[in-house]
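Asks: So that we are looking at the same thing, I have put the structure below in structure tokens.
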Amino acid sequence: MSKVLIIGAGGVGRVVAYKCAMNPSVFSDIMLASRTRSKCDQIANDIAKAIPGTAIKTAQVDADQVKEMVSLIKSHQPKLVINVALPYQDLTIMEACLETGVDYMDTANYEPPEEAKFEYSWQWKLHEKFKAKGIMALLGSGFDPGVTNVYTAYAAKHYFDVMKTLDIVDCNAGDHGKAFATNFNPEINIREITQNGKYWEKGRWIEIPPHSVGRDLYYPGIGPKKSYVIFHEELESIVKNFPSLERARFWMTFSDNYLTHLRVIQNIGMARIDPVMYEGKEIIPLQFLKAVLPDPGSLGENYSGETSIGVRIHGLKDGKETSCYIWNNCKHQDAFRETRAQGVSYTTGVPAMVGAKMILTGKWRGAGVFNMEQFDPDPFMEEIGPQGLPWQVQLGGDLEMEK
Ligand code: NDP
1 MSKVLIIGAG
11 GVGRVVAYKC
21 AMNPSVFSDI
31 MLASRTRSKC
41 DQIANDIAKA
51 IPGTAIKTAQ
61 VDADQVKEMV
71 SLIKSHQPKL
81 VINVALPYQD
91 LTIMEACLET
101 GVDYMDTANY
111 EPPEEAKFEY
121 SWQWKLHEKF
131 KAKGIMALLG
141 SGFDPGVTNV
151 YTAYAAKHYF
161 DVMKTLDIVD
171 CNAGDHGKAF
181 ATNFNPEINI
191 REITQNGKYW
201 EKGRWIEIPP
211 HSVGRDLYYP
221 GIGPKKSYVI
231 FHEELESIVK
241 NFPSLERARF
251 WMTFSDNYLT
261 HLRVIQNIGM
271 ARIDPVMYEG
281 KEIIPLQFLK
291 AVLPDPGSLG
301 ENYSGETSIG
311 VRIHGLKDGK
321 ETSCYIWNNC
331 KHQDAFRETR
341 AQGVSYTTGV
351 PAMVGAKMIL
361 TGKWRGAGVF
371 NMEQFDPDPF
381 MEEIGPQGLP
391 WQVQLGGDLE
401 MEK
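See the structure below:
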């Protein structure tokens, strides 16, 4: 029985709140707080209707302000703060957790607002402080990062003596019926995918122009889809924690239509994150674009199709070459029926709840700042299927990376 405080009432916050409410023996008292309180109230009302007897508390908070976070934590007294606001808030929320002695968890690593650069260095730097305080921070408990880190740890534990290559493959074969929309926060999403790509090979990072390496990969239940190598944050912690990996890449599917829109957005300057003057007022073009694009949280109702995300690993077991592929497919409509959110929010929110459950039940415990693959993957893998994201494994055989 534990009190939790969820920060952020977007698509992911909605799913986390639903899934916590569906596990009342662990999450006995839930507060949902965000910049706009009415969004928290809407989610709390939807949950009260869907799960009678559930009363989620709500609050307004600006999580950029450590002071506001500290006073909210002091008034609610949670055992854990689940941060599903934006990556910009990671450090202020971690600071508030340090000040109040409360555990911390998030789903995306810190990014400075003025530079589209995401890496763990800022959060890893807080390890000694969390350790000294005797509390823990669990970083990246979404799907990717998150489940992909746990799949990798599970493969390392059960299927390999030495892992040599890792390919994380992320396919969204859904159709939301809009000409262009992003599946999570547009500002964060566009910053992520317009950067140079980067992958790990033979002990160093190889940088490539955006979307310059692409090929058809085969996804179970979906078929071949054009996939591109991009940099994704879990690669950074995975190559550190599994140093035998000679190569680690991350692939994501993009349609030609999506890439054309993206190119136009960049060419006309709408992906800029530096301020420009407009009618006497400073605006950031990408933030303005976010205001006119569809809200990812609103895509669920008409979203068809499914996502397929997994890890494909090659290595040695008992001296023999072997391979494994672990993956989950999630249908947007199933996600919507359960939580009124689309599949990308769902595949992020469910592991966030399961990660929180690992911490609160003591199955994952430590003092300091941790990534998901540093803990025993088994209890997480046992829990994630029944909670909504069942996984499958293929051992041996063609990983179908090179078609
Ligand atoms: P949304 O933009 O839909 O929601 C973000 C929420 O955070 C909004 O409610 C917003 O408030 C709130 N917020 C923003 N700034 C502040 C602030 N200063 N103080 C308090 N609240 C604030 O994003 P998503 O729900 O799509 O994504 C949430 C997080 O999940 C992001 O960090 C994203 O990167 C991560 N993510 C992780 C994935 C994974 O697999 N690991 C996959 C997808 C997303 P307001 O409504 O007022 O704007």
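Residue numbers are given in the working numbering: position 178 of the sequence shown equals residue 178, and the series is strictly consecutive. Here a beta-carbon is modelled for each residue, glycine too, at the ideal position from N, C-alpha and C.
1. Just to confirm my understanding: we take residue 247, look at its own chain, exclude 5 residues before and 5 after, and list those with CB closer than 6 Å. What are they?
2. By Cβ distance below 7 Å, which residues in the same chain neighbour residue 279 in space, the five residues on each side in sequence not counted?
3. Near residue 104, what residues of its chain come up, given a Cβ to Cβ distance below 6 Å and the 5 sequence neighbours on each side ignored?
4. Looking at the secondary structure, which residues open and close the beta strand (DSSP E) in which residue 251 lies?
5. What's the call for residue 163, buried or exposed, on a 16-neighbour Cβ count within 10 Å?
6. Measuring from the CB of residue 170, is there a heavy atom of the ligand NDP at a distance below 6 Å?
7. At a cut of 8 Å, does the segment 319-328 reach the segment 351-367 through at least three beta carbon pairs?
8. Would you please state the rounded distance, in angstroms, between the beta carbons of residue 287 and residue 187? I believe it to be under 8 Å.
9. Taking only the alpha-carbon atoms, compute the straight-line gap between residue 283 and residue 113 and give it to the nearest angstrom.
10. Please name the residue or residues paired with residue 276 in a DSSP beta bridge.
11. Of all the beta strand (DSSP E) runs that stay within the bounds of the segment 80-124, which reach a length of 3 or more residues?
12. So, does the segment 371-390 touch the segment 38-55, judging by three or more C-beta pairs under 8 Å?
13. Compute every distance between the C-beta of residue 156 and the non-hydrogen atoms of the ligand NDP, then say whether any falls below 6 Å.
14. Consider the C-beta atom of residue 184 and the heavy atoms of the ligand NDP; say whether any pair is separated by less than 6 Å.
15. Name, in chain order, the residues that DSSP records as bridge partners for residue 323.
16. Between the segment 307-318 and the segment 211-224, do three or more beta carbon pairs fall short of 8 Å?
17. Relative to the ligand NDP, is the shortest distance from any of its heavy atoms to the C-beta of residue 308 smaller than 6 Å?
18. Return yes when the C-beta of residue 253 is under 6 Å from any heavy atom of the ligand NDP, and no when it is not.
19. Taking the Cβ atom as the reference point for each residue, do residue 233 and residue 118 lie within a distance shorter than 7 Å?
20. For residue 33, which beta-bridge partners are listed by DSSP?
21. Can the beta-carbon of residue 326 be found less than 7 Å from the beta-carbon of residue 393?
22. Mind checking residue 404: buried by the 16 CB within 10 Å criterion, or exposed?
23. May I ask you to report which of helix, strand or coil DSSP gives residue 2?
24. What is the DSSP secondary structure of residue 146, counted as helix, strand or coil?
25. Using a Cβ-Cβ distance under 7 Å, would residue 232 count as near chain E?
26. Check residue 198 in the structure and name its three-state DSSP category.
27. Looking only at DSSP bridge pairs, what is residue 27 linked to?
28. Using the Cβ count rule (16 or more neighbours within 10 Å means buried), how would you classify residue 238?
Replies: Considering the structure as presented:
1. 165, 201
2. none
3. Cβ contact annotation for residue 104 (same chain, cutoff 6 Å, sequence separation greater than five): 81, 94, 97, 137, in chain order.
4. 247-253
5. buried
6. no
7. no
8. 6 Å
9. 14 Å
10. 283
11. The qualifying runs are 80-83, 103-106.
12. no
13. Result no, Cβ not under 6 Å from the ligand NDP.
14. yes
15. Looking at the DSSP output, residue 323 sits in a beta bridge with 314.
16. yes
17. No, the beta carbon of residue 308 sits no closer than 6 Å to any heavy atom of the ligand NDP.
18. no
19. yes
20. 7, 59
21. yes
22. Nothing about residue 404 can be read from this structure; the chain reaches only from 1 to 403.
23. strand
24. In this structure, residue 146 counts as strand in the three-state DSSP scheme.
25. Going by chain labels, chain E is absent from the structure shown, which holds only one protein chain.
26. strand
27. 2
28. Under this definition residue 238 is a buried residue.
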